[in-house]
Each structure stands twice: as structure tokens, then as C-alpha cells.
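Notes for the one structure printed next.
Protein chains: 4
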Amino acid sequence: MSAPEGRRRGRPPATVNGRTAPERLLDAALELFAEKGFDGTSVQDVVRAAGVTKGAMYHYFPSKDDLLHEIYLRVLRMQTEHLDTVVAMDLPVAERVHAAVVDVVVTTIENIQSATIFFRSLHQLAEENQRQVRRERRRYHETFRALVVEGQREGVFRDDVSAELAVDYCFGSVHHLPMWWRAEGDASADEVARTFADLFVAGIATR
Amino acid sequence: MSAPEGRRRGRPPATVNGRTAPERLLDAALELFAEKGFDGTSVQDVVRAAGVTKGAMYHYFPSKDDLLHEIYLRVLRMQTEHLDTVVAMDLPVAERVHAAVVDVVVTTIENIQSATIFFRSLHQLAEENQRQVRRERRRYHETFRALVVEGQREGVFRDDVSAELAVDYCFGSVHHLPMWWRAEGDASADEVARTFADLFVAGIATR
Amino acid sequence: MSAPEGRRRGRPPATVNGRTAPERLLDAALELFAEKGFDGTSVQDVVRAAGVTKGAMYHYFPSKDDLLHEIYLRVLRMQTEHLDTVVAMDLPVAERVHAAVVDVVVTTIENIQSATIFFRSLHQLAEENQRQVRRERRRYHETFRALVVEGQREGVFRDDVSAELAVDYCFGSVHHLPMWWRAEGDASADEVARTFADLFVAGIATR
Amino acid sequence: MSAPEGRRRGRPPATVNGRTAPERLLDAALELFAEKGFDGTSVQDVVRAAGVTKGAMYHYFPSKDDLLHEIYLRVLRMQTEHLDTVVAMDLPVAERVHAAVVDVVVTTIENIQSATIFFRSLHQLAEENQRQVRRERRRYHETFRALVVEGQREGVFRDDVSAELAVDYCFGSVHHLPMWWRAEGDASADEVARTFADLFVAGIATR
DNA sequence: TATGAATGAGTCTTCATTCAT
DNA sequence: GATGAATGAAGACTCATTCAT
Numbered sequence: 001m002s003a004p005e006g007r008r009r010g011r012p013p014a015t016v017n018g019r020t021a022p023e024r025l026l027d028a029a030l031e032l033f034a035e036k037g038f039d040g041t042s043v044q045d046v047v048r049a050a051g052v053t054k055g056a057m058y059h060y061f062p063s064k065d066d067l068l069h070e071i072y073l074r075v076l077r078m079q080t081e082h083l084d085t086v087v088a089m090d091l092p093v094a095e096r097v098h099a100a101v102v103d104v105v106v107t108t109i110e111n112i113q114s115a116t117i118f119f120r121s122l123h124q125l126a127e128e129n130q131r132q133v134r135r136e137r138r139r140y141h142e143t144f145r146a147l148v149v150e151g152q153r154e155g156v157f158r159d160d161v162s163a164e165l166a167v168d169y170c171f172g173s174v175h176h177l178p179m180w181w182r183a184e185g186d187a188s189a190d191e192v193a194r195t196f197a198d199l200f201v202a203g204i205a206t207r
Numbered sequence: 001m002s003a004p005e006g007r008r009r010g011r012p013p014a015t016v017n018g019r020t021a022p023e024r025l026l027d028a029a030l031e032l033f034a035e036k037g038f039d040g041t042s043v044q045d046v047v048r049a050a051g052v053t054k055g056a057m058y059h060y061f062p063s064k065d066d067l068l069h070e071i072y073l074r075v076l077r078m079q080t081e082h083l084d085t086v087v088a089m090d091l092p093v094a095e096r097v098h099a100a101v102v103d104v105v106v107t108t109i110e111n112i113q114s115a116t117i118f119f120r121s122l123h124q125l126a127e128e129n130q131r132q133v134r135r136e137r138r139r140y141h142e143t144f145r146a147l148v149v150e151g152q153r154e155g156v157f158r159d160d161v162s163a164e165l166a167v168d169y170c171f172g173s174v175h176h177l178p179m180w181w182r183a184e185g186d187a188s189a190d191e192v193a194r195t196f197a198d199l200f201v202a203g204i205a206t207r
Numbered sequence: 001m002s003a004p005e006g007r008r009r010g011r012p013p014a015t016v017n018g019r020t021a022p023e024r025l026l027d028a029a030l031e032l033f034a035e036k037g038f039d040g041t042s043v044q045d046v047v048r049a050a051g052v053t054k055g056a057m058y059h060y061f062p063s064k065d066d067l068l069h070e071i072y073l074r075v076l077r078m079q080t081e082h083l084d085t086v087v088a089m090d091l092p093v094a095e096r097v098h099a100a101v102v103d104v105v106v107t108t109i110e111n112i113q114s115a116t117i118f119f120r121s122l123h124q125l126a127e128e129n130q131r132q133v134r135r136e137r138r139r140y141h142e143t144f145r146a147l148v149v150e151g152q153r154e155g156v157f158r159d160d161v162s163a164e165l166a167v168d169y170c171f172g173s174v175h176h177l178p179m180w181w182r183a184e185g186d187a188s189a190d191e192v193a194r195t196f197a198d199l200f201v202a203g204i205a206t207r
Numbered sequence: 001m002s003a004p005e006g007r008r009r010g011r012p013p014a015t016v017n018g019r020t021a022p023e024r025l026l027d028a029a030l031e032l033f034a035e036k037g038f039d040g041t042s043v044q045d046v047v048r049a050a051g052v053t054k055g056a057m058y059h060y061f062p063s064k065d066d067l068l069h070e071i072y073l074r075v076l077r078m079q080t081e082h083l084d085t086v087v088a089m090d091l092p093v094a095e096r097v098h099a100a101v102v103d104v105v106v107t108t109i110e111n112i113q114s115a116t117i118f119f120r121s122l123h124q125l126a127e128e129n130q131r132q133v134r135r136e137r138r139r140y141h142e143t144f145r146a147l148v149v150e151g152q153r154e155g156v157f158r159d160d161v162s163a164e165l166a167v168d169y170c171f172g173s174v175h176h177l178p179m180w181w182r183a184e185g186d187a188s189a190d191e192v193a194r195t196f197a198d199l200f201v202a203g204i205a206t207r
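Residue numbers (full-length UniProt numbering), protein chains in the order written: chain F, 1 to 207; chain Y, 1 to 207; chain S, 1 to 207; chain P, 1 to 207.
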């Protein structure tokens, strides 16, 4: 994705454990923002954790905000890919919805730090970056809603509830996961995923 | 809750529009914390909006954190009261659950600023205050869970899903409301409330 | 100018040698900006020289720029007063022009630090403050120009040169003083003043 | 002055619009220093405007200061040449003084950016470079003063004013030009030049 | 000759809080 | 009860310069 490109010029970037400075910075930021919040984390904290100087950080990221922005972009990219894959599966719509919910719960838990940051810190993103994230997010929402509408058209989903609201209802549960789910707790990711998917599908299914 | 206490002594607190300084401070803090976040709001911002001097604020509230804490306490008090009322109603359990969900959605929307702050800023609350809030919150959660368990015992709710997870599932949707619900949007509070309640109850009902 | 005002509230400002913090800050800034330039002087330098903490400085001045701005306002106020006084004198116009030049040279030398800063740092003032200074400066320029025009109308000054340019010519010499005049040099303020005034008046006088 | 040197070795320097990297750097620096000040311009700004990398800049100029220094040297070289030419003319002294003033005004306006920088940024030049500039500057001043003294000896210039002060008086006006002269203004370079020269010569002429 | 990574000291500013009155 | 002065630690960010290639 970024490798051969003939000969490189300038001093080559230093790596630690095969990770370049910007990668380490993003890793550190992810962990710290999730733990202490965006405002609660200083740039100093991030560079210290990444083993990088402040100047180097500003060489790669124009501002602290861009660090956060990049974290958002990563998550959005992954979520979109996953959902697109599920939607394209050759299965009855109810099963695709079920699979989509299972997948989003599992990946949310697998990336619980990103998820923690996502809704807690959205308002701290710079105006313009915030708009971009909301746009991407909306696209994701629409894809899922189309699935629900498809089910309603087929008659397998009830149509006395707005598909729009049903999507918000479902995703609300998922996005709230970071507020209570703990790795040490009793419910495994799979268990939560199955439960949520079951409850949602049972809720919108026609009787 | 704090008022009548027989005779008063000393100079009565100055009021503006019938609201005392601490009330105005809380109002201002609520609005600003919801709009700009806790860290994004300075004490200066709050006192300016409340029309009070900084010294006066520190006279009433030991710290900025206590302003936030008091906002949490207000919400918790109200939610608890509401839920207790619903639980005590003389209705079939499924209807009480439905009513409880309707109520929590409606009051969340009526107090959308508090709701915005609730989950976004919990981690910014001082350790000890945070624990207290979580305790209260847990109590609320347990009360609702008891209702679900009651339904499972009666056989009206399926018991192949954990009551615990079902409650998290339901409340997740509700707590996420501030992330997308807008007064100007198309869905009224009542519509959202009914939809969420229907979906939840249909989801956990036995077939 | 600022004294009695009944009773004061709040902690009274601390003074050193009878000078309050803002006064000391302005004194220090004047000296340092003249010596090392505006950009070459850090806020740290200023507060150290003034014996004040950084926080205190920002209590009185919203920014480093405002420190500079206040220095400009002081100079402008003084220059305007002086010129107005001279213009109002009951003397032939040539003598008033002569007196005005003498006065502006003398006060420029007496306030050589302000004068040093004036033209060297104008471009560093914030946009808005810069505009205000230019406006005031223009008013001063116009007052002097009116005097020259008056002389031209009376026939004592030649009218083959634009009054506008004559004023720029004269003031240029004066404003450039800080670039070369030194207290230890041979020319006293009075000597310079008389020379400049003589040369200017002789230059515009009709033959 | 720096070019022909017989044979060249190695790769010839890349040019853009026929200008080499160091030339483009100097052009860019001139424009930016005049517009935003020396401190207000970062090395990054300069190299970006010149279309050159930072490393390349440091290849040609040991420091940012040297960029400024080179700008000073260019101006000084030109001014000296011009004055020497005028002084050597075969004309009455008063006419040579008049011509010198006209020339310095015209070239100052033609090189208004250099002139803007000259006095505003002198104090920002490194100690040693500053001394060199002042030395050159002094030589220029002396040449002009000699002309005035010559006029006084001949009796065409009054000797009740110090030649030294007269020179400062005259040059002050000229050096202050960048503070007010604008290309879009009403006064052309020639008009200003003639006016200043007339006023100066009339001022020092014997009656 | 030129690149782009990396440095590290330094910049202005903010802010919750305390203090003297 | 209330004021406004004062604190001091911390914040994000800039920048001239050096280094390895």
C-alpha cells in the first residue's frame, strides 16, 4: 500500500518495532483519548507514550485535532467495509440484518477504544472534520436503513414503525456499548452480539 | 426540596427573574456544558452567562466539578422518581415496561441537555462523584431489570436472553438519543417513545 | 484621574513604589520593546521586568498586542495635545509652524523609546488596533497640514509644493530620529529641534 | 558580480524562469520580510514561496539571518554606486545635491520593499552583520555630508546649521518614505523626488 | 546537491482556584 | 456575602536548525 516507490529521498523515517512515528502516535492517541478523554490528554502525554518528540508529531499531524480526526477516519473506513460485505451476502434479508448487527457489535467490542472515543469526543473535533465524519456516518446509517426498508417491502419486517427510527434504536444500543461493556465482565462479545441481534430482529419482525 | 424552613435570617439572596444565583449558575452550566462540553467551558463562561462574579460562584459551589455533579444529581433524582412511579402502577408487567420506556424517552428528550452531558462527561467528573453517580445509576438499572425478570418469571418475556443484557440493550438506545435527536427533526418525542417501547417489548415478548 | 470613587470592592491592587501592576507592565514593555523589538521580547521578559506574574498580566491586558497598543495610545494622546496647543497660539503662522516642529522634535527625543517603537512595530499591531492608530495619526497629520495650507493662503509659504508632501517631508525627518539620535551624541535635543525647524521653515518660505 | 568564472563543474543549478534557487530565495525573502516582517516570516514561508526545500535553503544560506543580511548588502551596494555617480558629476554643488536627493528618492521608491525592511529590521540583524551595515551606511552618509560641507565652503549653503544634522534631516525624510508612500497614491515618484529635493535645497541655501 | 525527518527550546495564552478586603 | 486581584501550572503550537541518507 505504501512500499516500493523506487528510491526514496531524505532521511528515512525511524521505526520502533517496525512502526513509524505517525503509527505510534496514532496508537498512543487512541489509547489515551479512550482512557482520559481528548481534553484530558495533552499532546505531551501522547508524544511521551509514542516515544516521539513534540516537533516530530507536528511534522506529521498539523494539530492535536488531526490526530483525533485520523482515528475517526480509520474506524469509519472499517465499519463501512464490514457493512458493505454483509449487505452483499446472498441471504434472506432478516438473516443479513441479524448478521450485520452481530458484526457491528463484535467489531465495536474488538475496537472498544475507538468506540469509546467516537461519540464522546465528536463534539471536540474541529467543525470541518466533524462535518466530514457525520457525512460518512450518515452514509453508513443509510446503508443499514435500506436493508430494513427491503425487509419491510418483503413483508418480513413490520411497517408500523419508521425504518429510520428502527435504525437509530438499534445503533443506539450498539454505540452505547463502551459505556458499560468490560472485558472482565461476564458477557462475551459473542453473547452480547447474539442477544442484541435477536432482540432487534424479533422486535421488527412481523408476527 | 430545599425551600421553606420556617424563618429566614440575614439578607435574602438576590434573584434575577425569580432565580437565585446558584440556580442561574446551574442553568448556565447546563446549557454551556451541553453545547461546548465540560472542558470546553470555562468557569468564566459560566459566571458570565449567569450574571454572577467568580467569587460568588465559589461561594456556592466548591469547584467547577461540583457544578457538574449537581447537574447529575438533578437528573438522577428525577429519573428515579419517574421509574419508581411507573413500577408501582397496577398494570400487567408488559404494560409497565412499555410505560417505563415511553416515560424515559420522553423525559430524556425533555431534558435533552442533561442527557447530552450525562454520558459524554461522566469521565470528567471527579473520581468520588463519579462513583456516586454510577451507584445511583446502577440502582435505576436494577429497578428496571427487576421488572424484566418479573416478566420472565410470569412467562410473558422470553428467558433465552439475559435480563441484564436486555436492559443494557434498551437503555443504550435511549441514552444515545442526544446524539441524533433534534427538536426540528421529523420525529416527535411521543413518536420516538412509542416506537422504542414497541420495538423493545416486541423483542423480549415470548412468541 | 482615577482616584476617589467612593469605596472600592475586592482586593486592592498591590503597588510597588506607588506604581500598580498595569503601570509597571507598561513601563517594562516600553523599555523592552524599544530595546529588543516587539517580537524579540517575550511576555516572560516583560512580566519578569515588571515584577508581576504572567497570570496577572493577562488579568489586565488581554494579549501581548494590547500592551503594545496601549503604548501607542499614550503617545498619540500626548502628541495630539501638544500640537493642538501650538496651533491655538496667537502667533504668525510661520512661527507656529516653527514652534510645532521644535515641540515635536523635543517631545520625540524626550520619549525616544516610544518613538523607536512607533514606526518599527506598527506592522506588528493587530489589524484592528493598527487601523485605529493610523486613524489617530492621520488626524495629527491633517492638523499640521492645515497649518501649512494656512501659510500658503497667506502667501508666506510657497504654493509650488503640495502641502501634503511637505508634511510628509517634515515628519519623516522627525520620525526617523530614533534611528540615529543618541543621548550621548553631540547634538542636544534643542539643537536638533532648532535646526530641523529652521530648515523646514526656510524650505517652504516664499522667497 | 558573481557569474562568469571560466569553466563550470558539476550539475548547473536548476532555474525557474531563469532564476536560480538562491535568487528565488532572496526574492521571496524580500517580499515576505517587507510584508510580514522578519520575525513574522518563517523559513518555511520563504522556502515555500521560493519553491525550494528547507534543506536547499540551508545549502545556500547558513541561516535565516544571512538571507536578511544579503538583502541589506544588495541595497547598500546600489545606493553607494548611485551616490558616487552623482557626486562625480560636473555640476555646481547645489545642483549635485539636488540630483542626489532626486536619485535617492526615486531609487528608494523603486525598491520600496528593501526600503521597508531597511530600518524596520536593522535591529534584528545579527550583531556582527548589523555593524557591517552601519559601517557601509555611515560611509554613504559621509559622502553626502562632504557635498554639503563643500557647499557651505563655497558659500552657497548656509553655515549656521551643522552639515551633520542637515544630512540626517534630509535622509530622515527619505527613509521614512516606506511608511506612507503607496504606488496607488496620488504622488508619483518624480513628484515626490522633486518636492523633497526642492525643499531641502531651499532650506540650506543661503539667502 | 538536495531531501525530508527530527529536534528541543521557546512562544503566547488559558484557567481553576485562592486571597485580601 | 461578595468582589476583583493575583497565582502558577499547564496547554497547544512554532520554528530555526541539524541530521542521515
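Ideal Cβ placement from N, Cα and C applies to all residues, glycine included. Fair warning: this is a prediction, and the values are worked out from it, not measured in the lab.
For this session: Within the segment 61-119 of chain F, note down every full alpha helix (DSSP H) run reaching 4 residues or more, in order along the chain.
Result: 64-87 and 93-110
For this session: Taking residue 22/Y as part of the alpha helix (DSSP H), name the residues at either end of that continuous run.
Result: In the DSSP assignment, residue 22/Y falls within the unbroken alpha helix (DSSP H) covering 21-36.
For this session: For residue 94/Y, decide whether its Cβ has a neighbour in chain F, counting only Cβ atoms nearer than 7 angstroms.
Result: no
Exercise. So, does the CB of residue 67/S fall closer than 7 angstroms to a CB anywhere in chain P?
Worked result: no
Exercise. Does the distance from the C-beta atom of residue 162/F to that of residue 169/Y stay below 7 angstroms?
Worked result: no
Exercise. Should residue 88/S be labelled buried (16 or more other beta-carbon atoms within 10 Å of its own) or exposed?
Worked result: exposed
For this session: Determine the burial state of residue 245/Y: buried for a count of at least 16 other Cβ atoms within 10 Å of its Cβ, exposed for fewer.
Result: No answer is possible for residue 245/Y: the residues shown for chain Y start at 1 and end at 207.
Problem set entry | Test: residue 159/Y CB closer than 7 angstroms to a CB of chain F | no
For this session: With 7 angstroms as the threshold, decide whether the Cβ of residue 42/S is near any Cβ in chain P.
Result: No, its Cβ sits nowhere closer than 7 angstroms to a Cβ of chain P.
Problem set entry | Delimiting residues of the alpha helix (DSSP H) encompassing residue 180/Y | Secondary structure note for residue 180/Y: its alpha helix (DSSP H) is the uninterrupted segment 177-180.
Exercise. In three-state DSSP terms, what is residue 15/Y?
Worked result: strand
Problem set entry | Anticipated Cβ contact below 8 angstroms, residue 137/Y with residue 76/Y, distance rounded | 7 angstroms
Exercise. Can you name the start and end residues of the alpha helix (DSSP H) that residue 141/S belongs to?
Worked result: Where residue 141/S is concerned, the enclosing alpha helix (DSSP H) stretches over 127-154.
Problem set entry | residue 98/Y vs residue 192/Y beta-carbon contact at 7 angstroms | no
Problem set entry | Reduced DSSP secondary structure (H/G/I, E/B, other) of residue 183/S | coil
For this session: Determine, using beta-carbon pairs with one atom in the segment 34-47 of chain F and one in the segment 109-127 of chain F, whether at least three such pairs fall under 8 angstroms.
Result: yes
Exercise. Relative to the C-alpha of residue 82/S, which residue among 116/S, 154/S and 144/S is closest?
Worked result: 144/S
Exercise. In chain order, what residues of the same chain lie with their CB nearer than 8 angstroms to the CB of residue 140/F, ignoring the 5 residues before and after it?
Worked result: Contacts found: 76, 79, 80 and 83.
For this session: Run down chain F in chain order and give the residues with a C-beta less than 8 angstroms from the C-beta of residue 165/Y.
Result: 187, 191, 192, 195 and 196
For this session: Check each candidate in 39/S, 181/S and 64/S and name the one with the smallest Cα separation from residue 25/S.
Result: 64/S
For this session: Closer than 8 angstroms by beta-carbon distance: list the chain P residues that pair up with residue 120/S, in chain order.
Result: 119, 120 and 123
Exercise. Under a Cβ-count criterion, where at least 16 other Cβ atoms within 10 Å of its own Cβ denotes burial, should residue 68/S be classed as buried or exposed?
Worked result: buried
For this session: Please compile the residues from chain S whose C-beta is within a distance smaller than 7 angstroms of the C-beta of residue 168/P.
Result: 180
Problem set entry | Helix, strand or coil at residue 10/F according to DSSP, with G and I counted as helix | coil
Exercise. Hey, would you say residue 60/F sits closer than 7 angstroms to residue 12/F, going by beta carbons?
Worked result: no
For this session: Just the chain Y side, please: which residues come within less than 8 angstroms of residue 115/F by C-beta, in chain order?
Result: Under the 8 angstroms cutoff, chain Y gives no residues; its nearest Cβ is about 12 angstroms from residue 115/F.
Exercise. Out of curiosity, what's the CA-to-CA distance linking residue 120/F and residue 187/F?
Worked result: 23 angstroms
Exercise. When the Cα atoms are used, what is the spatial distance from residue 149/P to residue 167/P?
Worked result: 10 angstroms
Exercise. What in chain S is Cβ-close to residue 173/P, meaning under 7 angstroms?
Worked result: 169, 172 and 173
Problem set entry | alpha helix (DSSP H) segment containing residue 202/P, residue limits | 189-204
For this session: Could you work out which residues of chain P lie near residue 204/S, taking near to mean beta carbons separated by less than 9 angstroms?
Result: 199, 202 and 203
For this session: Look at the Cβ atom of residue 73/P, then the Cβ atom of residue 203/S, and state whether they are nearer than 7 angstroms.
Result: Taking the C-beta atoms as reference points, residue 203/S is found no nearer than 7 angstroms to residue 73/P.
Problem set entry | Assigned exposure category for residue 30/S - 16 Cβ within 10 Å defines buried | Residue 30/S counts as buried, since no fewer than 16 other beta carbons sit within 10 angstroms of its beta carbon.
Exercise. Could you give the C-beta distance for residue 176/P and residue 123/S, rounded to a whole number, given that I count them as a contact under 8 angstroms?
Worked result: Rounded, the Cβ-Cβ distance is 14 angstroms, inconsistent with contact.
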